[in-house]
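Student: This structure is in structure tokens; I'll ask about it shortly.
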């Protein structure tokens with residue numbers, strides 16, 4: 001096995017993708033132990049930014065970035081990683097598409113700060129104990145890693161399944177495809193899909209808002225009036241939510257050929273809705289756009 005110099009960076013994310021890596025360590029420990037982790041923040045090592053800056057250009061073979069970009073600090077580190085690395089892998093839906101944090105695209109930074117802090121906005125310049133000065137990075141609306149640098153490979157998921165992490169670590173020296181997913185939609189793996197009966201979607205007679213509890217009705221969620229985005233969502237989750245009687249919300253992000261997921265969903269729903277169900281859709285989902293772009297709202301700023 002070829003020894004690969006690895007770097008890991010948690011940008012603006014929840015660390016769920018790092019936990020998926022940890023969950024898969026038992027299966028890929030031998031492969032990972034053959035490689036060298038030369039820089040990692042904050043997982044695995046106590047690396048500092050200065051350590052990354054001191055590395056020669058292209059010294060790192062593969063840098064894995066989890067989380068999107070929502071500050072000048074994130075962007076600076078990602079750009080530095082691009083300079084120091086031969087390849088960058090965007091790991092997880094936040095890194096690939098922006099993820100749920102990029103719902104901030106619907107608001108200005110000032111609006112977000114007003115909602116969170118009220119009148120007590122934090123100062124960018126913070127003095128601790130009267131002698132230590134700390135300058136906080138400027139906050140920006142969250143966006144995908146590819147908005148700042150070239151990304152070589154994409155592995156979406158919120159988080160990616162452990163099996164996908166295992167395949168990634170085991171094949172670091174032979175990655176070729178840009179998208180490290182099957183290309184199947186959730187619908188192709190869903191036991192509720194009408195395609196299994198050799199037909200398309202039936203008309204939606206009424207729209208229902210998903211309550212959070214498992215849906216008792218059998219068959220396609222859309223045909224029962226529940227919004228389900230399985231037809232535009234990458235299916236490498238193996239349709240876990242529909243199999244548990246929960247509609248797909250798109251956590252693996254849109255299929256690679258879907259440029260505008262919200263537009264694609266509306267385009268698909270339009271011929272299925274009548275006047276009454278259209279009014280119900282508007283009534284049940286007053287902030288429909290945030291649901292349509294739940295995992296890829298950064299597309300609104302691209």
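Residue numbers (full-length UniProt numbering): 1 to 302. Every residue gets a Cβ at the ideal spot worked out from N, C-alpha and C, and that includes glycine. Owing to the predicted nature of the structure, the values given are computational and were not obtained by experimental measurement.
Whose C-alpha, out of 288, 296, 274 and 281, is nearest the C-alpha of residue 256?
Tutor: What you label residue 256 is simply residue 256 of the chain shown in a count that begins at 1. Residue 296 is the option with its Cα nearest to residue 256.
Student: Does residue 221 come out as helix, strand or coil in the three-state DSSP assignment?
Tutor: Locating residue 221 in the chain shown gives position 221, counting from the first residue. The answer is coil: DSSP assigns residue 221 none of H, G, I, E or B.
Student: Tell me, please, which residues DSSP counts as bridged to residue 36.
Tutor: The sequence position of residue 36 within the chain shown is 36, counting from 1. Paired residue(s): 5.
Student: At 3 residues or longer, and completely inside the region 10-87: list those beta strand (DSSP E) runs for me, N to C.
Tutor: Qualifying beta strand (DSSP E) stretches, in chain order: 36-41, 60-66 and 69-71.
Student: Can you give me the C-alpha to C-alpha distance between residue 285 and residue 275, rounded to a whole angstrom?
Tutor: Within the chain shown, numbered from 1, the residue matching residue 285 stands at position 285. Within the chain shown, numbered from 1, the residue matching residue 275 stands at position 275. Distance between the alpha carbons of residue 285 and residue 275: 16 angstroms.
Student: Please name the residue in 261, 273 and 270 whose C-alpha comes closest to that of residue 289.
Tutor: Taking the chain shown and counting its residues from 1, the one referred to as residue 289 is at position 289. It is 261.
Student: By alpha-carbon positions, which one of 215, 77, 292 and 232 ends up nearest to residue 224?
Tutor: Residue 224 sits at position 224 when you count from the first residue of the chain shown. Ranking 215, 77, 292 and 232 by Cα distance to residue 224 puts 215 first.
Student: Which same chain residues, not among the five before or five after residue 35, have their C-beta less than 8 angstroms away from its C-beta?
Tutor: Start at 1 with the first residue of the chain shown, and residue 35 comes out as number 35. These residues qualify, in order along the chain: 3, 4, 5, 6 and 172.
Student: Take residue 32 and list the residues in its own chain whose beta-carbon comes closer than 6 angstroms to its own, dropping the five residues that flank it on each side.
Tutor: Counted from its first residue, the chain shown places residue 32 at position 32. Cβ neighbours of residue 32 beyond the five flanking positions: 169.
Student: I'd like to check one pair, residue 64 with residue 8: are the Cβ atoms closer than 7 angstroms?
Tutor: Mapped onto the chain shown, residue 8 falls at position 8. Mapped onto the chain shown, residue 64 falls at position 64. A contact, by the Cβ cut-off of 7 angstroms.
Student: So, at 6 angstroms on beta carbons, what are the nonlocal neighbours of residue 75 in its own chain, with the 5 sequence-adjacent residues on each side left out?
Tutor: Sequence index remark: in the chain shown, residue 75 carries index 75 (1-based). Hits under 6 angstroms: 69 and 148.
Student: For residue 143, which three-state DSSP category applies?
Tutor: In the chain shown, counting from the first residue as 1, residue 143 sits at position 143. The answer is strand: DSSP assigns residue 143 an E or B state.
Student: Would you call the region 8-22 and the region 37-47 in contact, with 3 or more CB pairs under 8 angstroms?
Tutor: Contact holds: three or more Cβ-Cβ distances are below 8 angstroms.
Student: What residues in its chain sit with their C-beta under 6 angstroms from that of residue 228, if we drop five residues either side in the sequence?
Tutor: For this step, residue 228 is matched to residue 228 along the chain shown. The residues are 221, 222, 247 and 248.
Student: Classify residue 277 as helix, strand or coil using the three-state DSSP reduction.
Tutor: Taking the chain shown and counting its residues from 1, the one referred to as residue 277 is at position 277. Three-state DSSP puts residue 277 in a helix.
Student: Leaving out the 5 sequence neighbours to the left and right, which residues in its chain are closer than 6 angstroms to residue 138 when beta-carbon positions are compared?
Tutor: In the chain shown, residue 138 corresponds to position 138, counting from 1. The residues are 72.
Student: What ranges does the alpha helix (DSSP H) occupy inside the region 167-252, keeping only unbroken runs of at least 4 residues that lie completely in it?
Tutor: You should have 240-243.
Student: How about residue 98 and residue 144: do their beta carbons lie closer than 7 angstroms?
Tutor: As a first step, residue 98 must be located in the chain shown, where it is residue number 98. As a first step, residue 144 must be located in the chain shown, where it is residue number 144. In this structure, residue 144 lies closer than 7 angstroms to residue 98 by Cβ.
Student: So, for residue 310: in the same chain, excluding its five sequence neighbours on each side, which residues have a beta-carbon less than 6 angstroms away from its beta-carbon?
Tutor: The first residue shown for the chain is 1 and the last is 302, placing residue 310 beyond what the model contains.
Student: Where does residue 282 land, buried or exposed, given buried means 16+ other C-beta within 10 angstroms?
Tutor: The residue given as residue 282 occupies position 282 in the chain shown. When all chains shown are included, residue 282 counts as exposed.
Student: Classify residue 153 as buried or exposed, calling it buried when 16 or more other Cβ atoms lie within 10 Å of its own Cβ.
Tutor: In the chain shown, residue 153 corresponds to position 153, counting from 1. With 16 or more other Cβ atoms within 10 Å, it is buried.
Student: Once you ignore the five residues that flank residue 101 on each side, which residues in its own chain have a CB closer than 7 angstroms to its CB?
Tutor: One-based indexing of the chain shown puts residue 101 at position 101. The answer, listed in chain order, is 12, 68, 70, 94 and 142.
Student: Identify whether residue 269 lies in helix, strand or coil by the three-state DSSP scheme.
Tutor: Your numbering for residue 269 matches position 269 in the chain shown. DSSP places residue 269 in helix when its eight states are reduced to three.
Student: DSSP on residue 256, reduced to helix/strand/coil?
Tutor: Indexing the chain shown from 1 puts residue 256 at position 256. Correct three-state label for residue 256: coil.
Student: On the DSSP bridge list, what partners appear for residue 153?
Tutor: Position 153 of the chain shown, counted from the first residue, corresponds to residue 153. In DSSP, residue 153 forms a bridge with 89.
Student: Since residue 289 is in the alpha helix (DSSP H), which residue starts that stretch and which ends it?
Tutor: Against the chain shown, residue 289 aligns to sequence position 289. 288-292 is the span of the alpha helix (DSSP H), which, as asked, contains residue 289.
Student: Please return the same chain residues whose Cβ sits closer than 6 angstroms to the Cβ of residue 245, not counting the five positions on each side in sequence.
Tutor: In the chain shown, counting from the first residue as 1, residue 245 sits at position 245. For residue 245, where only same-chain residues beyond five positions count, the Cβ hits under 6 angstroms are 214 and 215.
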